[in-house]
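A.B. asks:
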Amino acid sequence: MDHIKIAPSLLAADFANLAAEVALVEPYVDMLHLDIMDGHFVPNISFGMPVIESLRKHTSLLFDCHMMTTNPDVYFTELKQAGGDLVMIHIEAITDPTEAASKAREVGLGFGLVLNPPTPFEAVEPFVELADMVLIMSVHPGFGGQSFMPEVLEKTESARKWVDEHGLSVDIQIDGGINPETARLAGRAGANVFVAGTAIFRADDPVAAVQELRQAINGR
Ligand code: DX5
Ligand code: ZN
Numbered sequence: 011m012d013h014i015k016i017a018p019s020l021l022a023a024d025f026a027n028l029a030a031e032v033a034l035v036e037p038y039v040d041m042l043h044l045d046i047m048d049g050h051f052v053p054n055i056s057f058g059m060p061v062i063e064s065l066r067k068h069t070s071l072l073f074d075c076h077m078m079t080t081n082p083d084v085y086f087t088e089l090k091q092a093g094g095d096l097v098m099i100h101i102e103a104i105t106d107p108t109e110a111a112s113k114a115r116e117v118g119l120g121f122g123l124v125l126n127p128p129t130p131f132e133a134v135e136p137f138v139e140l141a142d143m144v145l146i147m148s149v150h151p152g153f154g155g156q157s158f159m160p161e162v163l164e165k166t167e168s169a170r171k172w173v174d175e176h177g178l179s180v181d182i183q184i185d186g187g188i189n190p191e192t193a194r195l196a197g198r199a200g201a202n203v204f205v206a207g208t209a210i211f212r213a214d215d216p217v218a219a220v221q222e223l224r225q226a227i228n229g230r
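Put into structure tokens, the structure is as follows:
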């Protein structure tokens, strides 16, 4: 099993206080999860390049950019310039994952693939070796604060089995409704990167919340 990584989702942070919110958790987490929504691929609008660029000046955390937009590849160059590190693309949003992967690499971004809850793991199998990370959504994307869908645990198990059997070191990320209990289940199923918005930034003590997540996962 790969190293356990915690990725707080900025979506649940106080948008008027982003630098301080990120600084608080920075020493305890492995990357920052940025949910970029265009109001078209998902029925919500979050934030885009100017916010990422501003935030880049305040943190050296890896920016894990979850693109919930139509035509995500159109933004790769801008995303890199704004300070993005890893671009995560929905398989449902692109027609040619191989081309998207090489486009991302060309501009210097890491690359990953995202699956919505109804999308089977088989949909990404031919492209997993091109990716640094595969994200299994455990809610329908678009909004924070939703409940974890336990039906994606089986897909997480298949993903872990497939990645290990193929000797790949691709991270398996889980996103949506993650709290200590659901993180434990997802970790047991084989996820090693855990996105949490509400459970971290809406907690009274976000640092303690990160530690509770780690303990739950390690105790699985
Ligand atoms: C949902 C986003 C998630 C969201 C997670 O579309 O992809 O990253 O911020 O939020 P919680 O942890 O509150 O479910
Ligand atoms: Zn996300």
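In terms of the working numbering, the sequence shown is residues 11 to 230. All C-beta atoms, glycine included, are put in the ideal place defined by N, C-alpha and C. Please read these numbers as outputs of a predicted model, since none were measured by experiment.
1) Rank L20, V39 and F25 by C-alpha distance to the C-alpha of V217 and give the top, closest one.
2) Enumerated in chain order, which unbroken segments of the alpha helix (DSSP H) with a length of 4 residues or greater are wholly contained in the segment 105 to 157?
3) Examine the ligand GTP and report whether any of its heavy atoms sits within less than 6 Å of the Cβ of V205.
4) Just the C-alpha distance for T129 and S148, rounded to the nearest angstrom, thanks.
5) Can you have a look at H50 and say buried or exposed, based on whether 16 or more other CB atoms are within 10 angstroms of its CB?
6) Are there any heavy atoms of the ligand ZN lying less than 6 Å away from the beta-carbon of D185, as far as the coordinates show?
7) With L42 as the anchor, note down where its beta strand (DSSP E) starts and where it stops.
8) Would you say E36 and A23 are within 7 Å of each other, going by their C-beta atoms?
9) Just to confirm, is the Cβ distance from F131 to K171 under 7 Å?
10) Which complete beta strand (DSSP E) runs does the segment 27 to 106 hold, if anything under 3 residues is left out?
11) Rounded C-beta distance between A139 and P190? I'm assuming under 8 Å.
12) Report the rounded CA-to-CA distance for S19 versus T208, giving the unit in angstroms.
13) For the ligand ZN, is there a heavy atom less than 6 Å away from the beta-carbon of D45?
14) In whole angstroms, what separates the C-alpha of A226 from that of R194?
15) Whole angstroms is fine: what's the gap from T105's alpha carbon to D83's?
16) What are the boundary residues of the beta strand (DSSP E) that A201 is part of?
17) Does the segment 152 to 169 come close enough to the segment 64 to 73 that 3 or more CB-CB pairs lie under 8 Å?
18) Under the criterion of a Cβ to heavy atom distance below 6 Å, does A201 qualify as lining the ligand DX5?
19) Which residue from A111, V205, G152 and V124 puts its Cα closest to that of P53?
20) Beta-carbon separation of I182 and V134 under 7 Å?
21) Going by DSSP, what residue range makes up the beta strand (DSSP E) through D181?
22) With A17 as the anchor, note down where its beta strand (DSSP E) starts and where it stops.
23) Does DSSP put A23 in a helix, a strand or coil?
C.D. replies: Quick answer:
1) Looking only at L20, V39 and F25, the smallest Cα-Cα distance to V217 is reached by V39.
2) Complete alpha helix (DSSP H) runs here, min 4: 107 to 116.
3) Questions concerning the ligand GTP fall outside what the structure shown contains, since the ligands it does hold are the ligand DX5 and the ligand ZN.
4) T129 and S148 have their C-alpha atoms some 11 Å from each other.
5) With fewer than 16 Cβ atoms within 10 Å of its Cβ, H50 is classed as exposed.
6) Shortest gap from the CB of D185 to any heavy atom of the ligand ZN: under 6 Å.
7) DSSP places L42 inside the beta strand (DSSP E), whose first and last residues are L42 to M47.
8) No. Outside cutoff.
9) No; because the gap between Cβ atoms is not below 7 Å, this pair is not in contact.
10) Unbroken beta strand (DSSP E) stretches of 3 residues or longer found wholly inside the segment 27 to 106: 42 to 47, 73 to 78 and 96 to 100, given in chain order.
11) Per the sequence presented here, residue 139 reads as Glu, with Ala not at that position. E139 to P190, Cβ: 33 Å. No contact.
12) Separation of S19 and T208 (C-alpha to C-alpha, rounded to the nearest whole angstrom) is 8 Å.
13) In this structure, the C-beta of D45 approaches the ligand ZN to less than 6 Å from one of its heavy atoms.
14) Within the model, the alpha-carbon separation for A226 versus R194 is close to 5 Å.
15) Just so you know, the alpha carbons of T105 and D83 end up roughly 11 Å apart.
16) Boundaries for A201: no beta strand (DSSP E) harbours it, and the DSSP string shows neither H nor E there.
17) Contact between the segment 64 to 73 and the segment 152 to 169 is not established, with fewer than three Cβ pairs separated by less than 8 Å.
18) A201 has its CB no nearer than 6 Å to any heavy atom of the ligand DX5.
19) Among A111, V205, G152 and V124, the Cα nearest to that of P53 is on G152.
20) No, they are not a contact pair.
21) D181 -> beta strand (DSSP E) spans D181 to D185.
22) Segment K15 to P18, the beta strand (DSSP E) holding A17.
23) The answer is coil: DSSP assigns A23 none of H, G, I, E or B.
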